[in-house]
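Numbering (the working numbering), first residue to last: 2 to 85. Heads up, the beta-carbon is just placed ideally off N, CA and C, and yes, glycines get one too.
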């Protein structure tokens with residue numbers, strides 16, 4: 002009886018996740034965006050720059066990667082929100 006009950010719970014959890022894929026993806030992307038923004042800001046400040054100057058500077062390769070990932074995450078979040 003315990004195994005059957007566990008199986009039923011697994012099915013309901015899977016259905017819950019499948020019914021809200023966009024919400025789960027948005028949450029995951031927002032969390033990653035927050036981390037990337039913090040890393041980018043720390044990197045900019047460590048080099049003596051204001052993070053708001055990001056479009057006016059030649060970035061190091063590590064900062065450029067974070068900048069590109071941040072832009073990609075923002076684009077993906079906008080697409081999920083329907084703001085294409």
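Taking the CB atoms as reference points, tell me whether residue 41 and residue 67 lie closer together than 8 Å. Position 40 of the chain shown holds residue 41. Position 66 of the chain shown holds residue 67. Using a Cβ distance threshold of 8 Å, residue 41 and residue 67 count as a contacting pair.
How big is the Cα-Cα spacing for residue 69 and residue 23? For the purposes of this step, residue 69 is taken as the residue at position 68 of the chain shown. For the purposes of this step, residue 23 is taken as the residue at position 22 of the chain shown. Spanning the two alpha carbons is a distance of roughly 22 Å.
Among 82, 29, 48 and 52, whose alpha-carbon lies nearest the alpha-carbon of residue 39? Counting from one through the chain shown, the residue named residue 39 turns up at place 38. Ranked by how close their Cα comes to the Cα of residue 39, the residues 82, 29, 48 and 52 have 52 in first place.
What three-state label does DSSP hand residue 58 in the structure shown? In the chain shown, the residue the question calls residue 58 occupies position 57. Residue 58: coil per DSSP, three-state reduction.
What is the rounded straight-line gap between the Cα of residue 83 and the Cα of residue 45? Position 82 of the chain shown, counted from the start, is the residue given in the question as residue 83. Position 44 of the chain shown, counted from the start, is the residue given in the question as residue 45. Between residue 83 and residue 45, the C-alpha separation is close to 31 Å.
Evaluate residue 76 with the Cβ neighbour count: other Cβ atoms within 10 Å of its Cβ, from every protein chain shown; 16 or more gives buried, anything less gives exposed. Within the chain shown, residue 76 is the residue found at index 75, counting from 1. A residue is called buried when at least 16 other Cβ atoms come within 10 angstroms of its Cβ; residue 76 does not meet this threshold and is exposed.
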